[in-house]
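Please read the structure below before turning to the comments.
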Amino acid sequence: MNQEHLIKKAFEAMENAYAPYSNYHVGACLLLKNGTEILGANVENASFGATCCAERNAIFHAYSLGYRKDDMEAIAIVSDGKYLAGPCGICRQVFSELFPQKAPIILSNKIETKVTNIDDLLPLQFGIKDVL
Ligand code: THU
Numbered sequence: 250m251n252q253e254h255l256i257k258k259a260f261e262a263m264e265n266a267y268a269p270y271s272n273y274h275v276g277a278c279l280l281l282k283n284g285t286e287i288l289g290a291n292v293e294n295a296s297f298g299a300t301c302c303a304e305r306n307a308i309f310h311a312y313s314l315g316y317r318k319d320d321m322e323a324i325a326i327v328s329d330g331k332y333l334a335g336p337c338g339i340c341r342q343v344f345s346e347l348f349p350q351k352a353p354i355i356l357s358n359k360i361e362t363k364v365t366n367i368d369d370l371l372p373l374q375f376g377i378k379d380v381l
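If you count by my numbering, then the sequence shown holds residues 250 to 381, one letter each, in order.
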């Protein structure tokens with residue numbers, strides 16, 4: 250896994266963000282174990298709740314193509330914000346179910362980079378075990 254390459258691809262994906270309301274642009278590059286890279290950008294809506302985050306778009310696209318969490322190796326998420334931002338709460342819940350617990354989640358904003366995972370980002374996870 251080439252961290253710098255994933256970050257670069259995520260910044261390229263960020264160029265496609267549709268964010269006329271927040272003007273906050275986010276890009277994601279999801280790396281699969283087979284080397285496939287799946288990109289995502291945030292897409293907003295005048296009905297704000299209909300907005301979808303960059304990382305969720307990438308993960309959902311991967312699932313739509315038939316990939317599952319065991320196929321996933323890492324994800325880079327970048328923004329043009331002043332501060333290094335972690336994924337929002339909804340995205341953490343999505344990662345909890347659809348992304349491997351210990352796989353690297355690489356966060357960057359051109360100023361700094363941090364690597365974490367969903368196990369650390371979301372303690373006491375609610376998931377499949379609780380409802381099945
Ligand atoms: N956003 C993301 O794409 N990912 C996150 O993890 C945090 C927030 C987007 C959603 C919205 O388009 C904009 O950033 C401001 O909230």
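Don't be surprised by glycine CBs; every beta carbon is placed ideally from N, CA and C.
Bear in mind that the values here come from a model prediction, so they are computed numbers and not experimental data.
Proximity of the stretch 365-374 to the stretch 341-348 meets the contact definition, three or more beta-carbon pairs being nearer than 8 Å. Y332 has its CB no nearer than 7 Å to any heavy atom of the ligand THU. A262 is positioned such that its CB atom lies no closer than 8 Å to that of I324.
Taking a contact to require three or more Cβ pairs closer than 8 Å, the stretch 283-299 and the stretch 333-344 do not qualify as touching. Across the set S296, P336, L281, L356, the C-alpha of L281 shows the shortest separation from the C-alpha of G315. In this structure, the ligand THU has no non-hydrogen atom nearer than 7 Å to the beta-carbon of T362. Its chain contains S345 as the residues whose beta carbon lies nearer than 6 Å to that of Q374, once the 5 sequence neighbours on both sides are disregarded; these appear in chain order.
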